[in-house]
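If you're matching positions, the sequence shown starts at 52 in my numbering and goes up one per residue.
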Amino acid sequence: MNYVEEIQRLVDTALNELEKAISEKKIQSGPVSEEAFLCRWIAQAIKKQRFGNIVAREMTTWLQQGRSMGKHANVKGHLLHIQNVYQHFFPDGEPPAPVTHRQFEELIASLDNEEWMVHTEYEINRKVRVISDGLYSFAVCSETMVKAFDGRGVLVKPLSLFVRCPEPMFVKLATKQNLLVSKVSDYKSIVKYHAEYMLWPENRATCLAVLPEEMKV
C-alpha cells in the first residue's frame, strides 16, 4: 500500500472511531475528551501495529504532541485538515490524475505575475546562491526538470523546487494549479537560503504533503 492510501486509511479510521465513541456516549463531545481519546487511540494503534511503517512518523509525532500539549495539540483538527486535502486531491473512485508540464508552466507564470525572481534555465548541481534583490525567488535545475517530464509532458520523476518565500504563500500558489508538494528542507538546501520542496508524479508523495492553510476545516 502506498503512502497516500495508508495516510487516508489512518485518518479516516481515527475520525470514524472517534465519532463512533461519541455517538455511543463512551466519551463526551468536546476538545478535552476528544483529544484524550485520540491520544489513547494512536498509542494503541502503534502498539498493535494497525497501520504500516510508512505512516509511523506521523503517528509518533501526534502522540508526542497529544501527551505534551493536551487539547492544545488539536490532533483532531490536524486529522480533519489532512482528510480534507487528500480527499480533494485523491477523490474516491477516480483514477490518479497526472501532473503535467502545463500545470508546472502555469505555476511559473503565476510566480512571474507576482514579480518573483524565477530561475529555470540553469543547472543546479552544487551549492549555489541566488541573488533575488529582496524579492521572493524560485529555482529549479534545468537538466533535472527536462528529465522529470516524459515526451507527453507528464511528470514521471520527483522534481526538486527551491523556494524563498513564506511557505503558505508558495503552497497556495501551487494548490491553485492542483499541485501538492512535500517539504525536504527548511532553508538548508543546495540553493542557499532556499527551502527545498518536492513535486511528485500524480501528486503522490511518499510522505505527508505540506497542507494548504486555506483547506483547513
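Note that beta-carbon positions come from the ideal geometry of N, C-alpha and C, so glycine has one too. Owing to the predicted nature of the structure, the values given are computational and were not obtained by experimental measurement.
Residue i, buried or exposed, once every other Cβ within 10 Å from all chains shown has been counted against 16
{"i": "residue 182", "result": "exposed"}
{"i": "residue 263", "result": "buried"}
{"i": "residue 120", "result": "exposed"}
{"i": "residue 268", "result": "exposed"}
{"i": "residue 208", "result": "exposed"}
{"i": "residue 164", "result": "exposed"}
{"i": "residue 226", "result": "buried"}
{"i": "residue 215", "result": "buried"}
{"i": "residue 256", "result": "buried"}
{"i": "residue 65", "result": "buried"}
Inter-residue CB distance, residue i and residue j (contact presumed, cutoff 8 Å)
{"i": "residue 175", "j": "residue 241", "result": "6 Å"}
{"i": "residue 57", "j": "residue 102", "result": "6 Å"}
{"i": "residue 191", "j": "residue 213", "result": "7 Å"}
{"i": "residue 251", "j": "residue 233", "result": "7 Å"}
Residues near residue i by beta carbon distance below 8 Å, same chain, minus five either side
{"i": "residue 24", "result": "The structure shown does not extend to residue 24, since the chain spans only 52 to 268, so no value can be given for it."}
{"i": "residue 52", "result": "60, 103, 105"}
{"i": "residue 80", "result": "73"}
For residue i: DSSP bridge partner residues
{"i": "residue 247", "result": "213, 236"}
{"i": "residue 168", "result": "188"}
{"i": "residue 179", "result": "242"}
{"i": "residue 151", "result": "205"}
{"i": "residue 140", "result": "None, per the DSSP bridge assignment."}
{"i": "residue 200", "result": "206"}
Own chain, CB closer than 7 Å to residue i, minus 5 neighbours either side, in chain order
{"i": "residue 166", "result": "186"}
Beta-carbon gap between residue i and residue j smaller than 8 Å
{"i": "residue 129", "j": "residue 266", "result": "no"}
{"i": "residue 224", "j": "residue 150", "result": "no"}
{"i": "residue 124", "j": "residue 117", "result": "yes"}
{"i": "residue 188", "j": "residue 172", "result": "no"}
{"i": "residue 114", "j": "residue 87", "result": "no"}
{"i": "residue 231", "j": "residue 260", "result": "yes"}
{"i": "residue 122", "j": "residue 82", "result": "yes"}
{"i": "residue 62", "j": "residue 154", "result": "no"}
{"i": "residue 254", "j": "residue 140", "result": "yes"}
{"i": "residue 157", "j": "residue 228", "result": "yes"}
Contact set for residue i: own chain, Cβ-Cβ below 6 Å, skip 5 residues either direction
{"i": "residue 238", "result": "244, 246"}
{"i": "residue 178", "result": "241"}
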